[in-house]
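**Student:** Following this message is one structure expressed as structure tokens.
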Amino acid sequence: MKIAVIGTGYVGLVTGTCFANSGNDVTCIDIDEKKIERLKGGVIPIYEPGLKELVLRNAEDGRLHFTTDTAAAVKTAEMIYLAVGTPQGDDGAADLSAMWAVTKAIAPHLREDAIVVTKSTVPVGTNARIFAILKELTGRECHVASNPEFLKEGAAIDDFMKPDRVVVGVRDPEVGEKLRQLYAPFLRTEKPFLVMSPESAEMTKYVANALLATKISFINEMANLCEKMGGDINDVRRGIGHDSRIGFAFLFPGVGYGGSCFPKDVRALTAMTEDKGNLPEMLRAVDSVNERQKTVLFNKVKSHFGDDLAGKRITVWGLAFKPETDDIREAPALVLIKQLQDAGATIVAHDPEAMENVAKETTGIEFCESMTEAVKGADALCICTDWKAFSQPDFAEMYQLMASPVVFDGRNLYDPARMKARGFCYHSIGRVA
Ligand code: UGA
Numbered sequence: 001m002k003i004a005v006i007g008t009g010y011v012g013l014v015t016g017t018c019f020a021n022s023g024n025d026v027t028c029i030d031i032d033e034k035k036i037e038r039l040k041g042g043v044i045p046i047y048e049p050g051l052k053e054l055v056l057r058n059a060e061d062g063r064l065h066f067t068t069d070t071a072a073a074v075k076t077a078e079m080i081y082l083a084v085g086t087p088q089g090d091d092g093a094a095d096l097s098a099m100w101a102v103t104k105a106i107a108p109h110l111r112e113d114a115i116v117v118t119k120s121t122v123p124v125g126t127n128a129r130i131f132a133i134l135k136e137l138t139g140r141e142c143h144v145a146s147n148p149e150f151l152k153e154g155a156a157i158d159d160f161m162k163p164d165r166v167v168v169g170v171r172d173p174e175v176g177e178k179l180r181q182l183y184a185p186f187l188r189t190e191k192p193f194l195v196m197s198p199e200s201a202e203m204t205k206y207v208a209n210a211l212l213a214t215k216i217s218f219i220n221e222m223a224n225l226c227e228k229m230g231g232d233i234n235d236v237r238r239g240i241g242h243d244s245r246i247g248f249a250f251l252f253p254g255v256g257y258g259g260s261c262f263p264k265d266v267r268a269l270t271a272m273t274e275d276k277g278n279l280p281e282m283l284r285a286v287d288s289v290n291e292r293q294k295t296v297l298f299n300k301v302k303s304h305f306g307d308d309l310a311g312k313r314i315t316v317w318g319l320a321f322k323p324e325t326d327d328i329r330e331a332p333a334l335v336l337i338k339q340l341q342d343a344g345a346t347i348v349a350h351d352p353e354a355m356e357n358v359a360k361e362t363t364g365i366e367f368c369e370s371m372t373e374a375v376k377g378a379d380a381l382c383i384c385t386d387w388k389a390f391s392q393p394d395f396a397e398m399y400q401l402m403a404s405p406v407v408f409d410g411r412n413l414y415d416p417a418r419m420k421a422r423g424f425c426y427h428s429i430g431r432v433a
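To convert, note that position 408 of the sequence shown is 408 in UniProt numbering; the numbers rise steadily by one, no gaps.
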């Protein structure tokens, strides 16, 4: 199948590459000339395990192309995937300006049988709007479909190649069939291909992310209560998870969720709810609990050292919003660092992938290539991301290197009793030391 993918961000690049890998002829399009030039040269703009190898292999084999020429790529394409950004606007709702601009740009070049598919997370009603715009501009009823993406950063290739399910929203069953053929190589393990209306598909994406975010805010609130009650949230998690109606996934407490999806999507769904005159009580609570959770480590640091942190050297491990990515959008670590700096502390930071991105956006942070080096002379260590490398440090060396062996663990990586036995003053989330 000949496919054009517009937008070479996370979702677009992964989608295009994986479709090329399953034998399609894919052209990825972006208006950013520098980005396209770099992609042509094999330079991948994001860190995502396995992506670079896959891009290079498919480009070399002639199935994956990069261009800024929308017209040329769209003219021959049977499917046009729209994967442009839908960032949060000033009012919390998704900003769809890129989506509308692209819809208008492709209209004059669409083949008569082309199918325009939205891959970006778009508010309910967007597909209907695209259909209307295309009708106005082409004079025809073009095929439009919604195909939301559920991949996670850091596991994007695997999630795309082996999805739990594929959701498509279509008006015309034939369009659904075409999409089923496209996805057949990814659904060999009998995972479901779900066909519904575009509105339901658009809604599915938001509801999935909002429910996952709700699980996190819920467990964080319970973790904070556990601390006050003298319980251990890890035991509680095990205690509830064995109930098959509840399960274990996505109930790990921490320093709050971040990234480019959950915060934005919860707020966009809030805006949609309000727009329709309903009260988004749950959604608002999920967001506000999360904002508060981003400050829990700072409050623990203050309870330990007092309000004035002048002269304190504090190390932060983990800057990305989660492991296996260099993405720092809405990262809890950045909120913590700002609070620590405002209280007078000196910050030394380490992250396996995200330091360059943080350096571009902040000032006054001392970056360290090695996690061990970073704790040298530190009065405390704060852990914000559960990178694997952080789970088994050389505790004896760490104890020697730190000026005072105090650890604030925002991801519950270590056993409290063992940390005590190693001589550390250890604080974590929802567990008594
Ligand atoms: C999320 C969804 O998981 C994907 O299914 C979805 O496709 C994607 O958003 C999107 O809409 O594009 P992602 O943002 O990459 O994926 O990251 P997650 O792995 O879901 O983690 C999100 C945040 O939740 C991270 O900050 C993570 O540390 C936090 N988290 C996750 C917890 O604090 N506790 C948990 O138990 C799980």
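Yeah, the Cβ is synthetic: ideal placement off N, Cα and C, and Gly gets one too.
Looking only at its own chain, which residues have a Cβ that is under 6 Å from the Cβ of residue 48, when we skip the five neighbours before and after it?
**Tutor:** 156
**Student:** Does residue 149 pass the burial test, meaning 16 or more other C-beta atoms within 10 Å, or should it be called exposed?
**Tutor:** buried
**Student:** So residue 340 and residue 296 are supposed to be a Cβ contact under 8 Å. How far apart are they, rounded?
**Tutor:** Their Cβ separation, rounded to whole angstroms, is 13 Å, which puts residue 340 and residue 296 out of contact at 8 Å.
**Student:** List the endpoints of the continuous alpha helix (DSSP H) containing residue 120.
**Tutor:** Run containing residue 120: none; DSSP gives neither H nor E here.
**Student:** In angstroms with no decimal places, state the Cα-to-Cα distance between residue 114 and residue 66.
**Tutor:** 20 Å
**Student:** Tell me which same chain residues have a C-beta within less than 6 Å of the C-beta of residue 355, skipping the five on either side of it?
**Tutor:** 367
**Student:** With C-beta atoms as the reference, is residue 247 less than 7 Å away from residue 330?
**Tutor:** no
**Student:** How long is the line joining the alpha carbons of residue 138 and residue 9, rounded to whole angstroms?
**Tutor:** 28 Å
**Student:** Which residues in the same chain have their Cβ closer than 6 Å to the Cβ of residue 170, if we skip the five residues on either side of it in sequence?
**Tutor:** 145 and 176
**Student:** Any chance the stretch 383–395 sits against the stretch 412–424, with 3 or more Cβ pairs inside 8 Å?
**Tutor:** yes
**Student:** Who are the near neighbours of residue 343 in its chain, counting only those whose CB is closer than 6 Å to its CB and skipping five residues on each side?
**Tutor:** So the qualifying residues of the chain are 309.
**Student:** Would the beta-carbon of residue 151 be found less than 6 Å away from any heavy atom of the ligand UGA?
**Tutor:** yes
**Student:** Go through its chain and collect everything with a Cβ distance to residue 140's Cβ below 8 Å, but skip five positions before and after it.
**Tutor:** The answer, listed in chain order, is 112 and 134.
**Student:** Taking 6 Å as the line, does the beta carbon of residue 257 fall inside it for any heavy atom of the ligand UGA?
**Tutor:** Residue 257 has its CB nearer than 6 Å to a heavy atom of the ligand UGA.
**Student:** Give me the DSSP bridge partner(s) of residue 169.
**Tutor:** 146 and 196
**Student:** With respect to the beta strand (DSSP E) encompassing residue 100, which residues constitute its N-terminal and C-terminal limits?
**Tutor:** Looking at the DSSP string, residue 100 is not in any beta strand (DSSP E); the run it does join, the alpha helix (DSSP H), is 97–106.
**Student:** Mark residue 99 as exposed unless 16 or more other C-beta atoms lie within 10 angstroms of its C-beta, in which case mark it buried.
**Tutor:** buried
**Student:** If you run the structure through DSSP and keep just helix, strand and coil, what is residue 242?
**Tutor:** coil
**Student:** Please indicate yes or no: does the CB of residue 246 lie closer than 6 Å to some heavy atom of the ligand UGA?
**Tutor:** no
**Student:** Counting contacts by CB-CB distance shorter than 7 Å, is residue 293 in contact with chain C?
**Tutor:** Considering every chain present, this structure includes no chain C. It has just one protein chain.
**Student:** Following the continuous beta strand (DSSP E) through residue 81, name the residue where it begins and the one where it ends.
**Tutor:** 79–82
**Student:** Would you call the CB atoms of residue 29 and residue 46 closer than 7 Å?
**Tutor:** Cβ atoms of residue 29 and residue 46: not closer than 7 Å.
**Student:** Near residue 215, what residues of its chain come up, given a Cβ to Cβ distance below 7 Å and the 5 sequence neighbours on each side ignored?
**Tutor:** 250 and 251
**Student:** Alpha carbon to alpha carbon, how far is residue 294 from residue 274? Give it in angstroms, no decimals.
**Tutor:** 25 Å
**Student:** State the CB to CB distance for the pair residue 3 and residue 26, rounded to an integer number of angstroms; the pair is presumed to be in contact (CB under 8 Å).
**Tutor:** Residue 26 and residue 3 do touch by the CB rule: their CB atoms are close to 5 Å apart, below 8 Å.
**Student:** Using the C-alpha atoms, what's the distance from residue 400 back to residue 87?
**Tutor:** Approximately 45 Å, taken between the alpha carbons.
**Student:** Could you check which residue in 377, 51, 408 and 270 has the C-alpha nearest to that of residue 92?
**Tutor:** In terms of Cα proximity to residue 92, the closest of 377, 51, 408 and 270 is 270.
**Student:** Any contact between the stretch 319–339 and the stretch 369–380? By contact I mean 3 or more CB pairs, one from each, below 8 Å.
**Tutor:** no
**Student:** What residues match up with residue 348 in a beta bridge as DSSP calls it?
**Tutor:** 315 and 366
**Student:** Taking residue 265 as the reference, which of 377, 255, 256 and 283 has the closest Cα?
**Tutor:** Closest by alpha carbon: 283.
**Student:** Can you determine whether any heavy atom of the ligand ADP sits closer than 6 Å to the C-beta of residue 254, and answer yes or no?
**Tutor:** Annotation note on the ligand ADP: not contained in the displayed structure, which lists the ligand UGA as its ligands.
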